[in-house]
Structures are given as C-alpha cells and as structure tokens.
Amino acid sequence: VWLEKRCVKLGKANQANLKSAYKHCIKLGGTPYAQIKAYQMQDCIDNCGRGYSTQGAIKNLWGHLDRFAMELDIISKRYSDLLTSAPIPDTTKKIFTQEEIARIWENKNLPWIDSILFLLYTGFRISEMLSLQTNAVDLQEWIIRGGVKTEAGKNRLVPIHTKIQEIVRKRVETTKSGYLFEYEGEKIKQFKYREAWADHMKKLNMNHTPHECRHTFRSNLDSAGANKVCIDRLMGHKSTDTGERVYTHKNIDELRLNIELITY
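Structure (structure tokens):
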C-alpha cells in the first residue's frame, strides 16, 4: 500500500534506492507490520552485507514505513527512530586515479565497463546516463543532448570525447530499446545498475560510487585549466556567467576544446 500511496510521490532516484533497500527486508514480508520489532529492523541493516549508502537507505525505508503505519493507526511508536547504520566516511568523494582508469580501459570489453568510461568522460549523473535515448546522440557532430535535475542541467549539450566515441557508436547501433544503455532490451532501473556497479568494483578491486566519476570529471577539468564557465555548462551547474545558455557553433567548439583537455 505504501508503494502505491506514498512512494510514487518521491523522486525517481529516491524511489529506486528505497525499492532496492526493500530487498534486504523481504524476509519480514509475511510478518504483520505491528509485530515487527526494532531488533528485526536493525538486523536487516546489520546483515545486508553492504556499505553505508545501502544501510542508510534501509534505515530510511523503515522510517517511511513507520510514518505510514502510524497514519493508518497500525503502530503507536516508531522503532525506526532507534535504528543505526554505518557512518558516512570522512571522505565521501574520491576521484579515480590514473592507474584505476587505465585498469578500467584494460577491461573495457567486460559487460557494463563501457558505462563507467562513459560517466568518466561525460560527467553525467547516473540518472542522466540511464535516461539517455539514442535520439539525443548526434554521431555526425559527436554531441549528446541530455541532463536532468536542474534548469541549468536539463537538455545541456555535451561533446563526446574522442576516446569514447566508438563506445557510444556501438551502443547506438546495438540498442533494442532506444535507450543508450539498456538491460535485456529495456531501460535499466537504477537499482539494477547499482548492483552491477558494485559487482564490477569488486572485480576491478576498486571502491568507488558512480557519482565519483562525475567528481573525477570535474577535478580533471579543473586540473587541466579548463574554462570555468565551460565546466559549469558541461556539468549542468548554474554558472556565474550572466549570458543566456544559447548554444552556437562557437561555444560548442569551446565545450569540445575543453572536454578534450581530459587526458586520462
């Protein structure tokens, strides 16, 4: 009932995280909600076998369910207030090292590794990548129009770095669903992609989140001396530049020049 009444009102990324978190609570699916105790909720968190992000999502899910259960007078107290999860590490954003990126390239033919490279060379958010359709990709001009979340980020133009042009071409030519990145002929759900990501991080002996690709992208542009306004446009951030966000051949060329400063 909560899925139908409350979850649908949340943002898509939040919905995906909570649905993924539910898989770690499914063992309690047959238990009347009023009979679920705090230690059982905590057990789902402690034994999920995942890091702080997933543990936090499970804790968040129990909070949502408790609030809804109280609205329905199913419970009178919220055990979710007693729950704990792994703390967020002091340094939550780590850029990929040159050695790590070289290792990713060495394994580029493994399933989904191309998506990691795509994120590293475009700066897209995971939700933006998964929502990209092939009609947003111009293989003649080597430009992608995409982006979500903010007004500055929506429908921004991102030139396709020369190093990933063949990756993008292959994806465009082989898709069955119309989405640039798909799973079994359909759009990939974010929780499914995050599961695949976790598996590949283990295989590559790395510990990064998808968003750290975006952080790496920005950090390397900064280090290479890229134009600040161009960086903001590529990232989909609101720029301090007062000009309108109108794309001309001149500023598209400027974006391309700046994105090619990435040399990893």
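For the sequence shown, the positions run 5 to 268 when the numbering used here is used. Glycine is no exception: its CB is placed at the ideal position from the N, C-alpha and C atoms.
### Closest Cα partner of residue 227 within the set 200, 214, 268, 216
268
### Distance between residue 143 and residue 89 (C-alpha atoms, nearest Å)
45 Å
### Task
Please state whether DSSP places residue 142 in a helix, a strand or coil.
strand
### Minimum C-alpha distance to residue 215 - residue among 15, 99, 34, 91
99
### Message
Looking at residue 191: is its Cβ nearer than 8 Å to the Cβ of residue 183?
### Response
yes
### Query
Hey, how far is the Cα of residue 67 from the Cα of residue 193?
23 Å
### Task
Evaluate contact between the region 15 to 22 and the region 41 to 51, counting only Cβ atoms and requiring at least three cross-stretch pairs below 8 Å.
no
#### Entry: Identity of the residue in 109, 110, 79, 28 nearest residue 62 by Cα
28
### Same chain, Cβ closer than 7 Å to residue 210, five either side skipped, listed in chain order
104
### Message
I need the DSSP call for residue 117, collapsed to helix, strand or coil.
### Response
helix
### Task
Under 7 Å Cβ to Cβ from residue 3, same chain only, skipping five residues before and after it: list those, please.
Absent from the model: residue 3. The displayed extent of the chain is 5 to 268, so no value can be given.
### Message
Is it buried or exposed, residue 118, if we count other Cβ atoms within 10 angstroms and call 16 or more buried?
### Response
buried
### residue 126 to residue 264 span [Cα, whole Å]
11 Å
### Query
Ordered along the chain, which non-local residues of its own chain (more than five positions away) have a Cβ less than 7 Å from that of residue 189?
180, 181
### Query
The beta strand (DSSP E) spanning residue 161 covers which residue range?
160 to 163
### Query
Cα-Cα, which of 204, 39, 134 is closest to residue 113?
204
### Message
Per the DSSP calculation, residue 191 is bridged to which residue(s)?
### Response
186
### Query
What residue from 165, 21, 213, 138 has the CA that sits closest to residue 146's CA?
165
### Task
Find the nearest neighbour of residue 87 within the set 222, 208, 46, 230, judged by alpha-carbon distance.
46
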